[in-house]
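Enquirer: Which chain is which? The protein sequence lines are A and B, in order.
For the first sequence, numbering that gives the first Met the number 0 gives the first residue as 0, with consecutive numbering after it.
For the second sequence, numbering that gives the first Met the number 0 gives the first residue as 0, with consecutive numbering after it.
Ideal Cβ placement from N, Cα and C applies to all residues, glycine included.
A quick note: this is a predicted structure, and the numbers were derived from the prediction, not measured.
Quick one: the structure is below, and I'll ask about it shortly.
Number of protein chains: 2
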Amino acid sequence: MSDYRTLPPATMLSPVPAVLVSCRGVGEDARPNALAVAWTGTVCSHPPMVSISLKPERYSFELIRQSGEFVINAADAAHAKALDHCGVRSGRDGDKLKACGLEAVPMEGMACAPRLEGFPMSLGCRLRQEIPLGSHVLMLGEVTAVMIRDDLFDSDGSLHLERAGLVCYSHGVYQRASDVLGFFGWSVARPEVYQRRMEALGR
Amino acid sequence: MSDYRTLPPATMLSPVPAVLVSCRGVGEDARPNALAVAWTGTVCSHPPMVSISLKPERYSFELIRQSGEFVINAADAAHAKALDHCGVRSGRDGDKLKACGLEAVPMEGMACAPRLEGFPMSLGCRLRQEIPLGSHVLMLGEVTAVMIRDDLFDSDGSLHLERAGLVCYSHGVYQRASDVLGFFGWSVARPEVYQRRMEALGR
């Protein structure tokens, strides 16, 4: 048996996706904002739904409630520093997007919330439910559109999200999802299927 | 501007943690089981809470409801194949743990749910709330104890979870969280702090 240490209860689940959530309040003078969120996940397949958990005192919390919309932007290594910057600074103190060199552009299907230009993938979400849990409010959103950077598709149209080198977060450290270990079902795949699929994954 | 393709709504959020959830029903003859879950995430910091989303027809769904407990086991590369196997086979058809060479052992603070031996990290969780969302039921659990493999701590007691090479999942592909990009706050860290922290992270 391996040796283990027991720690007090904590938010240790890892690796979690390190994403920037973009939003905008309603009204003509509303400014877009982005916030780093590690407390996010998929919560349902049909309909496709995701969760983000926010402290209610965060600047973007009310923007998302007002508009009923948010966009989850998955970061690659090129955007990891901007992501971190948006995580340690508040939109109350100025235009974070500008300070990080990020550009908000229209997102398919969203009236208010923009996506962030250059990110590998953006998910447009409509707020469906809020569940207060303590320090954070769990916000459930239905995914209404997905935009993915063109270079992540093969010439045959197949999507290779694994090539994006998306950023994840483990106990205070940003890491890149890199080495491909296998595909869903590889443990029971026939040898010829295994070989064909792994080759397509560059292994 | 980069080129983008717009896709229909889907559960594309990536990379998500690829974990095995272990559980056991109540009663002396209850058998431990494990199921692969990608729809998981942290949902609150205080109290520390996580979510797992399960289809109600999954074998483990009733086991977790009966016992009110589940354990989230984060996988490393050495356990990725077992994880995949538990994702494609059902506990109804036999003892999955045995078939995958996995061993269920007692988890700190849990009366029924075991942890999986050898995994880098296990989180013991008490079921607090169920929210039906469509194909999946969102189950919210409060983390009551954390067990982490001893080799992930430095001699000074600091935890280096980033060294575990934890497994994540992106659109059907398992990847390892590897290259360290930075730490929380690195974008605004003073040069000497940046250097010291990155050295500790092996960069």
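How long is the line joining the alpha carbons of arginine 202 of chain A and arginine 175 of chain B, rounded to whole angstroms?
Expert: Their backbone Cα atoms lie some 14 Å apart in a straight line.
Enquirer: With a cut-off of 8 Å, does the C-beta of arginine 175 of chain B fall near any C-beta of chain A?
Expert: Output row for arginine 175 of chain B: interface = yes.
Enquirer: If distances are taken between C-alpha atoms only, which option among B/Asn32, B/Ser50, B/His45, B/Met197 comes closest to valine 136 of chain B?
Expert: When each option's Cα is compared against that of valine 136 of chain B, the closest is B/Ser50.
Enquirer: Using the three-state DSSP reduction, which class does proline 214 of chain B fall into: helix, strand or coil?
Expert: With chain B represented from 0 up to 202, any question about residue 214 of chain B goes unanswered, as that position is not in the structure.
Enquirer: Is glycine 181 of chain A closer than 8 Å to tyrosine 173 of chain B when the C-beta atoms are compared?
Expert: Yes, the pair counts as a contact, with Cβ atoms nearer than the cut-off.
Enquirer: When the Cα atoms are used, what is the spatial distance from valine 179 of chain A to alanine 81 of chain B?
Expert: So the two alpha carbons sit approximately 16 Å from each other.
Enquirer: Would you mind stating whether serine 66 of chain B and valine 25 of chain B have Cβ atoms separated by less than 8 Å?
Expert: Yes, they are a contact pair.
Enquirer: Check each residue of the stretch 148-167 of chain A: if its Cβ is closer than 7 Å to any Cβ of chain B, include it; give the result in chain order.
Expert: Listed by position along the chain: Arg148, Asp149, Phe152, Leu158, Leu160, Glu161, Leu165, Val166, Cys167.
Enquirer: Residues of chain B with a CB under 7 Å from the CB of glutamate 107 of chain A: which are they?
Expert: Within chain B, the residues near glutamate 107 of chain A are Thr5.
Enquirer: According to a CB-to-CB cut-off of less than 7 Å, which residues of the stretch 39-69 of chain B neighbour chain A?
Expert: The stretch 39-69 of chain B vs chain A, Cβ under 7 Å: Thr39, Gly40, Thr41, Val42, Cys43, Ser44, His45, Pro46, Pro47, Met48, Val49, Ser50, Ser52.
Enquirer: Residue range of the alpha helix (DSSP H) that leucine 82 of chain B falls in?
Expert: Counting along the chain, the alpha helix (DSSP H) containing leucine 82 of chain B begins and ends at 79-87.
Enquirer: With a threshold of 8 Å between beta carbons, is glutamate 116 of chain A in contact with chain B?
Expert: Glutamate 116 of chain A counts as touching chain B.
Enquirer: Starting from cysteine 99 of chain A, follow the beta strand (DSSP E) in both directions and report where the run begins and ends.
Expert: Per DSSP, cysteine 99 of chain A belongs to no beta strand (DSSP E) and is neither H nor E.
Enquirer: Rounded to the nearest angstrom, what separates tyrosine 106 of chain A and tryptophan 38 of chain A at their Cα positions?
Expert: In the sequence on display, residue 106 of chain A carries methionine and not tyrosine. About 22 Å.
Enquirer: Along chain A, which residues have their Cβ under 7 Å away from the Cβ of glycine 100 of chain B?
Expert: In chain order: nothing, as chain A lies at least about 12 Å away.
Enquirer: Closer than 8 Å, Cβ to Cβ, to anything on chain A: give me those residues from the stretch 72-94 of chain B, in chain order.
Expert: The residues in question are Ala73, Ala76, Ala79, Lys80, Ala81, Asp83, His84, Gly86, Val87, Arg88.
Enquirer: Taking only runs of the beta strand (DSSP E) that begin and end inside the stretch 41-84 of chain A, which ones reach a length of at least 3 residues, in chain order?
Expert: 48-53, 68-73, all fully within the stretch 41-84 of chain A.
Enquirer: Taking beta-carbon pairs under 8 Å, can you tell me which members of the stretch 131-142 of chain A lie near chain B?
Expert: Those residues of the stretch 131-142 of chain A that come within reach of chain B (Cβ to Cβ, closer than 8 Å) are Leu132, Gly133, Ser134, His135, Leu137, Leu139, Glu141, Val142.
Enquirer: Go to methionine 138 of chain B, then tell me how far its beta strand (DSSP E) extends in each direction, as first and last residue.
Expert: Methionine 138 of chain B -> beta strand (DSSP E) spans 136-148.
Enquirer: What whole-angstrom Cβ distance do alanine 103 of chain A and valine 166 of chain A have, given they're in contact under 8 Å?
Expert: 19 Å between Cβ atoms; not a contact.
Enquirer: Which residues in chain B have a C-beta closer than 7 Å to the C-beta of aspartate 190 of chain A? List them in chain order.
Expert: The sequence shown places proline at residue 190 of chain A, not aspartate. The contacting residues do not exist; proline 190 of chain A stays about 15 Å from chain B at best.
Enquirer: Straight-line CA distance for aspartate 2 of chain B to arginine 148 of chain A?
Expert: Going from the Cα of aspartate 2 of chain B to the Cα of arginine 148 of chain A covers about 6 Å.
Enquirer: Closer than 7 Å by C-beta to histidine 170 of chain A: which residues in its own chain qualify, once you throw out the five before and the five after it? Chain order, please.
Expert: Excluding residues within five positions, the ones whose Cβ falls inside 7 Å are Met11, Ser13.
Enquirer: Take proline 55 of chain A and list the residues in its own chain whose beta-carbon comes closer than 6 Å to its own, dropping the five residues that flank it on each side.
Expert: If we look at proline 55 of chain A and ignore the five residues flanking it on each side, its Cβ neighbours are Val136.
Enquirer: Using a cut-off of 7 Å between C-beta atoms, extract the partners of valine 172 of chain A located in chain B.
Expert: Glu161, Val179, Phe182, Leu200, listed in chain order.
Enquirer: Note down the Cα distance separating methionine 120 of chain A from leucine 101 of chain B, rounded to an integer number of angstroms.
Expert: Distance between the alpha carbons of methionine 120 of chain A and leucine 101 of chain B is about 36 Å.
Enquirer: So which residues of chain A does leucine 122 of chain B contact, with C-beta pairs closer than 8 Å?
Expert: Simply Met11, Leu12.
Enquirer: Take leucine 126 of chain A as the anchor and find which of A/Glu61, A/Pro8, A/Tyr193 has the nearest alpha-carbon.
Expert: Answer by Cα proximity: A/Glu61.
Enquirer: Tell me which residue opens and which closes the beta strand (DSSP E) that leucine 6 of chain A is part of.
Expert: Leucine 6 of chain A -> beta strand (DSSP E) spans 3-6.
Enquirer: What does aspartate 2 of chain B reach in chain A if we use C-beta pairs closer than 9 Å?
Expert: The contacting residues are Arg148, Asp149, Asp150.
Enquirer: Is the beta carbon of phenylalanine 183 of chain A sitting closer than 8 Å to the one on glycine 86 of chain B?
Expert: Yes, these two residues count as a Cβ contact at 8 Å.
Enquirer: How would you list, in chain order, the residues of chain A whose beta-carbon sits under 8 Å from the beta-carbon of proline 8 of chain B?
Expert: Ordered by position in chain A, the residues that pass the 8 Å Cβ test against proline 8 of chain B are Pro46, Pro47, Glu141, Val142, Thr143, Ala144, Val145.
Enquirer: Could you tell me whether the Cβ of valine 15 of chain A comes closer than 8 Å to any Cβ of chain B?
Expert: With 8 Å as the cut-off, valine 15 of chain A counts as an interface residue toward chain B.
Enquirer: Let me know the secondary structure DSSP gives glutamate 129 of chain A once reduced to three states.
Expert: Here glutamate 129 of chain A sits in strand by DSSP.
Enquirer: Give the C-beta separation of valine 70 of chain A and glycine 123 of chain A to the nearest angstrom, bearing in mind that I take them to be a contact with Cβ-Cβ under 8 Å.
Expert: Confirmed, about 5 Å.
Enquirer: Given alanine 76 of chain A, which residues of its chain have a CB within under 6 Å of its CB, disregarding the five upstream and five downstream residues?
Expert: Closer than 6 Å at the Cβ level, and outside the excluded window around alanine 76 of chain A, lie Gly164, Arg175.
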